[in-house]
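In the order they appear, the protein sequences are chains A and B. Under my numbering, the first sequence has 21 at position 21, and the numbering climbs by one with no breaks. Under my numbering, the second sequence has 1187 at position 187, and the numbering climbs by one with no breaks. For every residue, glycine included, the Cβ atom is placed at its ideal position computed from N, Cα and C.
Number of protein chains: 2
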Amino acid sequence: MTEADSALPAEFALIARHFRPLAGPGARDLIDDVAVIAPPPGRDLVLKVDAIVGGVHFLPDDPPETIGRKLLRVNLSDIAAKGATPLGYLISVSVPRGTPDGWFAGFAAGLAQDQQEFGVTLLGGDTTSTPGPINLSLTLIGHVAPGGAPSRAGARAGHGIWVTGTIGDGALGLAVAQGKLADPTGYLLDRYRLPRPRLGLPIGEIASASMDVSDGLVQDLSHICRASGVAARIEAALMPLSPQARGAGPAWLATCLTGGDDYELLLAVPPGREPALIAAAARAAIQVTRIGGFVPGAPSVDVIGPDGLPLRISTAGWSHF
Amino acid sequence: MTEADSALPAEFALIARHFRPLAGPGARDLIDDVAVIAPPPGRDLVLKVDAIVGGVHFLPDDPPETIGRKLLRVNLSDIAAKGATPLGYLISVSVPRGTPDGWFAGFAAGLAQDQQEFGVTLLGGDTTSTPGPINLSLTLIGHVAPGGAPSRAGARAGHGIWVTGTIGDGALGLAVAQGKLADPTGYLLDRYRLPRPRLGLPIGEIASASMDVSDGLVQDLSHICRASGVAARIEAALMPLSPQARGAGPAWLATCLTGGDDYELLLAVPPGREPALIAAAARAAIQVTRIGGFVPGAPSVDVIGPDGLPLRISTAGWSHF
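Below, the structure written as structure tokens:
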């Protein structure tokens, strides 16, 4: 700390120590009030904000390293769902007074690791105290070819329903954290704490509708149905489950289908483009699975059970109110 | 509410009812996960995030109408300080479960009013519950001519120190809210609750350094001194005080100089450009006042009292840690 810094309030020293090393081009070293960037010419901007709250979205004893990374990754997942390239982010950090310096160090170290992995930098931020739990908000900025970001409204009867990765691990990981499920390898808990944003697929050229699965597969699929005016029919037997999720047993299937925190991509894909998806996913080393298709009808999600009969599943996912 | 909406969790109905009417172009009616906008061609983007917390930045009994407007305006003030044009914003809203619908209605109504006044629209948001106090974070996006946003580092000895509007009203308004000061007309409390972002000045063509005064004039001026490597000398007698601030009496002068919540612009202006500032301010109907000048020397802020002698004033402003 320089002599000049020592005359400043603790807030500025904290920003200089932990957050300035994360700052990228345009961030003005976090010593100005704003970031200034030249947007990539000829590209649309894709913008997303998500907030997480201690005791609601993460657990009080979650390590600070993974809290920051999870927040960044849930936003990256939304950017990935639109086939966009992430650029940078701004973050608000509200923490109780007396939060130890080591918490900030861990939080920033986690972000630094993910900045490297995903090619983004910090553009700006705000730190405040709060009498409540930790409250973090992150705004992510990405870019995409003009018109290249699918909405939720383009799914049509006959289009396939595809997901990336495996479904349900995040929700099972939460159950592990709550002591309701065993997880000898730690795989499920890790999936809960660290989503895997599926960046790198040419979504805009492939999907007629897309989103990421954050509030539960069935609920999120119902959003596409509603926006697109179609019905969806998916088969539990086709669901990509991790070995760990299969190991949890059939009693946990409903949790996998309706629980949150997947952060996998959910895509509507016209039949003619399914080969392109498969090829692109192979190049990006991302698992993709066709779990069903859209059919004519009023917006609804039918889940066919392993026995070929419809499963009764509530479409209600996670809601805050 | 449509039949389809009634099947959705309360969170979505709340967003549709209160926030969708605020959504502008690119927001995709807040039913997609992201906003997609084409940035103004040939312009730099100016980005800013600020968070406010109940009990820290606003008072529990502040009306929800002004809470949202204050949050928007403190961010607009930063954009104004860089001579940028505001475009749109994303917002995170964390509120306790059971927050009445009327609170959201008032909050959104305040934002709607300011959207009209300042020409911005909502691009995206996130609503979450929190076991703590209300926590709001807003990311504002504006644009400016390439290279046109001054930093804090360009002030040089001989440049004038200018401020817009009046200084101290916000800090006095807080004292009013805390019952420490009388405010028969309600002017000071209103200044505390509703900053006046000074948009519309061609800052980039005029100022060698600029910022807005949010943490107290003396502290914020010390930031420019430190970044620019100069000393500042301001005169209390030149300070633009509102009639209400003058009425509070000389005992409140230090509060005016060091208290936060001014949200006026603080500009370093080379002598040759002072006429341009005066002319532009007259066109924009914004009061501007020269309160002193930068002088050679180690970074410091000297305040000359009404008697011509230096005032002892702590440079410490508001800090969160």
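Inset, instruction - Measuring only between beta-carbons, confirm whether Gly-168/A sits less than 8 Å from chain B. - result: no
Legend entry - Option in Arg-1156/B, Gly-1259/B, Phe-1019/B with minimal Cα separation from Leu-1090/B: Phe-1019/B
Inset, instruction - Within 10 angstroms of the Cβ of Thr-185/A, are there 16 or more other Cβ atoms? Answer buried if so, exposed if not. - result: exposed
Legend entry - Beta-carbon neighbours of Thr-255/A, restricted to chain B and to distances below 9 Å: Neighbours of Thr-255/A on chain B: none; closest Cβ ~17 Å, over 9 Å.
Legend entry - Three-way DSSP call (helix, strand, coil) for Leu-1039/B in this model: One point to set straight first is that residue 1039/B is Pro, not Leu, in the sequence displayed. Three-state DSSP puts Pro-1039/B in coil, outside helix and strand.
Inset, instruction - Determine, using beta carbons only, whether Leu-47/A and Leu-1123/B come nearer to each other than 8 Å. - result: yes
Inset, instruction - Excluding the 5 residues preceding and the 5 following Arg-1273/B in the sequence, name in chain order all residues of the same chain whose CB lies nearer than 6 Å to its CB. - result: Ile-1206
Legend entry - Interface flag, Asp-50/A vs chain B, CB-CB below 8 Å: yes
Inset, instruction - Say whether chain A places a C-beta atom closer than 8 Å to the C-beta of Val-1123/B. - result: Reading off the sequence, residue 1123/B comes out as Leu, not Val. For Leu-1123/B, the answer is yes, since a Cβ of chain A falls inside 8 Å of its Cβ.
Inset, instruction - State yes or no: is the beta carbon of Pro-1131/B nearer than 8 Å to at least one beta carbon in chain A? - result: yes
Inset, instruction - Might you give, ordered along the chain, the residues of its own chain that have their beta carbon closer than 6 Å to the beta carbon of Gly-305/A, omitting 5 neighbours on each side? - result: Ala-236, Leu-311
Legend entry - Residues of the region 1223-1256 of chain B whose Cβ lies closer than 8 Å to any Cβ of chain A, in chain order: His-1223, Arg-1226, Ala-1227
Inset, instruction - Would you please state the rounded distance, in angstroms, between the beta carbons of Val-230/A and Pro-299/A? I believe it to be under 8 Å. - result: 7 Å
Inset, instruction - Taking Thr-1066/B as the reference, give the member of Leu-1201/B, Asp-1190/B, Ala-1285/B, Leu-1045/B with the closest Cα. - result: Asp-1190/B
Inset, instruction - Count the other C-beta atoms from every protein chain shown that fall within 10 angstroms of the C-beta of Lys-1070/B, then say buried if there are 16 or more, exposed otherwise. - result: buried
Inset, instruction - Give the interface partners of Asp-190/A over in chain B, defined as CB-CB distance under 7 Å, in chain order. - result: Near Asp-190/A there are no residues of chain B at all, since even the closest Cβ is about 23 Å away, more than 7 Å.
Inset, instruction - Could you tell me whether any Cβ in chain A is nearer than 8 Å to the Cβ of Thr-1139/B? - result: yes
Inset, instruction - Taking only beta-carbon positions, decide if Pro-1086/B is within less than 8 Å of chain A. - result: no
Legend entry - Arg-43/A versus Pro-1021/B - alpha carbon distance: 27 Å
Inset, instruction - Spell out whether any CB of chain A is found under 8 Å from the CB atom of Pro-1146/B. - result: yes
Inset, instruction - Can you pull the chain B residues whose beta carbon is under 9 Å from the beta carbon of Lys-82/A, in chain order? - result: Asp-1032, Asp-1033, Val-1034, Val-1036
Legend entry - is_contact[Ser-92/A, chain E] using C-beta, thresh 8 Å: Of the protein chains in the structure, A and B, none is chain E.
Inset, instruction - Kindly indicate which three-state DSSP category Trp-1318/B falls into: helix, strand or coil? - result: The predicted position of Trp-1318/B is uncertain, since its pLDDT is 48 and thus under 50; no value can be drawn from it.
Legend entry - DSSP-derived helix/strand/coil call for Arg-226/A: helix
Inset, instruction - Using three-state DSSP, classify Tyr-89/A as helix, strand or coil. - result: strand
Inset, instruction - Please compile the residues from chain B whose C-beta is within a distance smaller than 7 Å of the C-beta of Ser-151/A. - result: Arg-1028, Asp-1032
Legend entry - Chain-ordered chain A contacts of Thr-1128/B [CB-CB under 8 Å]: Ala-51, Ile-52, Val-53, Val-56, His-57, His-320
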